[in-house]
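Below is one structure, written out as structure tokens, with a few remarks after it.
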Amino acid sequence: MNLQEIINSTKVNIVDVRSPLEFQGGSVSGSINIPLNEVVEKVEDLRNMQPLILCCASGGRSGQACDYLEAQGFTEVYNGGGWAEVNAQKK
Numbered sequence: 799m800n801l802q803e804i805i806n807s808t809k810v811n812i813v814d815v816r817s818p819l820e821f822q823g824g825s826v827s828g829s830i831n832i833p834l835n836e837v838v839e840k841v842e843d844l845r846n847m848q849p850l851i852l853c854c855a856s857g858g859r860s861g862q863a864c865d866y867l868e869a870q871g872f873t874e875v876y877n878g879g880g881w882a883e884v885n886a887q888k889k
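Residue numbers for the sequence shown follow the working numbering, beginning at 799 and rising by one.
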């Protein structure tokens with residue numbers, strides 16, 4: 799599956815790792831906000847939510863979160879990049 803297919807899967811959860819203020823300014827419909835600095839304490843919650851698409855403003859923070867989660871053994875976590883890009887691919 800390519801990224802767009804994963805984004806549009808009914809099984810995927812989209813997690814925005816921006817700050818709550820950034821998230822309030824615009825977000826992917828149906829996404830949840832878990833700021834990057836809270837990812838470590840939410841690992842087990844996130845593990846149960848796989849598959850995951852992570853997004854942020856540009857893909858940097860979501861990339862860091864993906865790297866961390868992969869190091870924790872996650873197998874279905876993807877960096878969607880910027881939230882606007884993810885939103886544009888969502889049907």
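Heads up, the beta-carbon is just placed ideally off N, CA and C, and yes, glycines get one too. Computed from a prediction, not measured in an experiment: that's the story for all the values here.
Taking residue i as part of the alpha helix (DSSP H), name the residues at either end of that continuous run.
i       : result
Val-841 : 841-845
Leu-819 : 818-822
Please list the terminal residues of the continuous beta strand (DSSP E) segment that includes residue i.
i       : result
Ile-812 : 811-814
Ile-804 : Here Ile-804 belongs to no beta strand (DSSP E); instead the alpha helix (DSSP H) covers 801-805.
In whole angstroms, what is the alpha-carbon distance linking residue i and residue j?
i       : j       : result
Cys-853 : Lys-889 : 17 Å
Pro-818 : Gly-824 : 10 Å
Ala-863 : Val-810 : 16 Å
Ser-807 : Arg-859 : 23 Å
Arg-816 : Glu-803 : 23 Å
If we count the other Cβ atoms within 10 Å of its Cβ and call it buried at 16 or more, is residue i buried or exposed?
i       : result
Ile-851 : buried
Could you check whether the Cβ of residue i sits closer than 7 Å to any heavy atom belonging to the ligand SAM?
i       : result
Tyr-866 : As for the ligand SAM, it is missing from this structure, which has no ligand bound.
Whose C-beta lies closer than 6 Å to the C-beta of residue i among residues of the same chain, with five residues either side of it excluded?
i       : result
Leu-867 : Val-875
Excluding the 5 residues flanking residue i on each side, which residues of the same chain have their C-beta closer than 7 Å to its C-beta?
i       : result
Glu-820 : Ala-855
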